[in-house]
Structures are given as structure tokens and as C-alpha cells.
Amino acid sequence: LLGLGIGTSASAGNPLSVAGDATLLTHDGAGHRLKINKASASDTASLLFQTGWSGRAEMGTTGSDDFAIKISADGSAWITAFSFDAASGTAGGAAVQQGATDITAGRLARADYAYGPGNLLGTVSETGGTPTGAVIESGSAGGGRYVRWADGTQVCTAEITLTRVDGGRLEASWSFPQAFDAAADISFAALLDADDFAANVTGPGLDGVLAPCVQGISASGANLRLYRVAGGTDFASGDSAACRVTAIGRWS
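Position 231 of the sequence shown, counting from 1, maps to 240 under the numbering used here, and the rest follow consecutively.
The following block contains the structure:
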């Protein structure tokens, strides 16, 4: 039997032809498998969907052993919407994000380009302004704690103990837990711990000192000073004061 036509005529190109509202392939007591075989990887084994005999969608292994879903608006120009690598199983195609900066509407995000629980936190990095690592990095070192964001922002915090240099001031050096990109971009905030001050300063009271100030700022650290009011009571030997400090700048 060289051909079979059901409700229509068979042809050399379509030796099995069926015309009808539906075609049923059912089981014989268990499952049912439709097998489409091709001679070599470069051949085609696929299902083709047509409108008016013009192709609109095709799925299968066309020209390789990678499984693909292709679509066409006119039957001539075809787009591979989805493809699956036969060796690795990874997905590609026009419906998948094409690069780390691709935000085309309607495309599916790739795990190595999108952010989620597995890569939101970690070591931040960037190349040419584009994040190449995690979104948020945090940690601690001898100089306190730090947080880095993928946009280049860095915040360092610490509690520093200022000790007496002379009767006029207390002072301490702060080495940042992580260096900043440049000293010129760093902003500071410093607050005295009032309870600690009352317990550890026997010279001037809180109303007898100025606000803490920062000097000698570099990308890696700064000096903090606490001056008494001019003409006021000197700091006594052994006086110290805890100061909570915050530095905000850029790591990149």
C-alpha cells in the first residue's frame, strides 16, 4: 500500500492523508505514543501547523537534534521562539532574555541574568556600570560593619571610643571596614552616646562639648575629634566617650 486517503486523496508528498474534523489515536489498554523518526540530525522531525496551507507554527527537531518551537506570521519568515539544547537542556530563543541588560517586555528571564533568593545577597561587582554580582553585600571587619549595593553605594557604621589627647579634646582614628572609592564622595554622621559620656567623662558635661567632628578623611579612614567648649572645663585624664559613626559614599 503506497498511500492511504481518508476523506481525501493521498499524494506522493502526503501518502497518509486524512480529511475530517478530528483524528483520534487512542490506547490499547495502557498508554499511547506517536513516534516521528528522521534519518539524521540534519533532517526534520516535526509537527507543522498551517493556516490556508501556509505555515504558522512548527515544533520538533528541525535541522538538528535540539528541540525547537518556531512561529511565522506569513509562512515565509520564521522565528525560533523557544529552543532546548539536546545536550544540556538549557533554553534559548526569541522568547528568552538575550543578555544581562535585556528588559524586553514579554521575554522570560534567565537564571543567570535575573535576581532571586540564590544571588540577591553576596559579593557585589560591576563592569562599565552594569552589575555583574549580587545586589547587596554586607559584612564586618575590625572597623565596624558595612553594606554595599550594586549601584555603587556603600555605608559603613561603627561605635568608636574617643580617648583623651589633652584637656581640650578627645580623639580616635577610624579605619573603615571596607574602603571607599574616593574620599571626596564620603558623607559622615557622628552621635555621642550620652549614657556612656556620663559614665566615662569626669571633666566637661554634655553642654560643655561641641558636636563630634571628622578630620583627615581618606578613602580608607578618618579621624574623629570631640572638643570641649573654649574656656570650659578640661577633659580629665582617663576620660573617654563612645561615638556612633556612619560614613556614606561609593565603593565604585
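The beta carbon of each residue, even a glycine, is placed where N, CA and C say it ideally should be.
Legend entry - Neighbour-count burial assignment, Pro221, 16 or more Cβ in a 10 Å radius: A buried status is given to Pro221, since no fewer than 16 other beta-carbon atoms sit within 10 Å of its beta-carbon.
Legend entry - Contacts around Gly151, its chain only, beta-carbon distance under 8 Å, and the 5 residues preceding and following it disregarded: Counting only Cβ-Cβ distances below 8 Å, and skipping sequence neighbours, we find Ser184, Pro186.
Inset, instruction - Give me whichever residues DSSP pairs with Asp175 in a beta bridge. - result: Looking at the DSSP assignment, Asp175 forms a beta bridge with Arg178.
Legend entry - Spatial neighbours of Ile226 in its chain, beta-carbon cut-off 7 Å, leaving aside the 5 residues before and after: Ala192, Ile195.
Legend entry - Short CB-CB distance (under 8 Å) between Ser246 and chain D: You won't find chain D in this structure, because it holds only one protein chain.
Legend entry - Host beta strand (DSSP E) of Asn232 (start-end): Start and end: 230-236.
Legend entry - Beta-bridge pairing of Trp6 - partner residues as DSSP gives them: Because the chain spans 10 through 261 in this model, residue 6 falls outside it and cannot be assessed.
Inset, instruction - Classify Leu215 as helix, strand or coil using the three-state DSSP reduction. - result: Note: Leu215 maps to helix in three-state DSSP.
Inset, instruction - Following the continuous alpha helix (DSSP H) through Phe269, name the residue where it begins and the one where it ends. - result: In this structure the chain extends from 10 to 261, so residue 269 is not present and cannot be described.
Inset, instruction - Take Gly101 and list the residues in its own chain whose beta-carbon comes closer than 6 Å to its own, dropping the five residues that flank it on each side. - result: Excluding five sequence positions before and after Gly101, the CB atoms of its chain that fall closer than 6 Å to its own CB belong to Ser92, given in chain order.
Legend entry - Other residues of its chain near Thr139: CB distance less than 8 Å, five sequence neighbours each side excluded: Sequence-distant partners of Thr139 (beyond 5 residues in either direction) whose C-beta falls short of 8 Å from its own C-beta, in its chain, are Ala109, Thr110.
Inset, instruction - Please report how far the alpha carbon of Leu129 lies from the alpha carbon of Gly115, in whole angstroms. - result: Computed Cα separation, rounded: 23 Å.
Legend entry - Residue environment, Phe1, which counts as buried when at least 16 other CB atoms sit within 10 Å: A query on residue 1 cannot be resolved here, the shown segment of the chain reaching from 10 to 261 and no further.
Legend entry - Local Cβ density within 10 Å of Glu146, reported as buried at 16 or more and exposed below that: So Glu146 counts as buried.
Legend entry - Residue ranges of each beta strand (DSSP E) within the stretch 16-78, 3 or longer: Every beta strand (DSSP E) stretch that sits fully inside the stretch 16-78 and reaches 3 residues is listed by chain position as 25-27, 53-60, 63-71.
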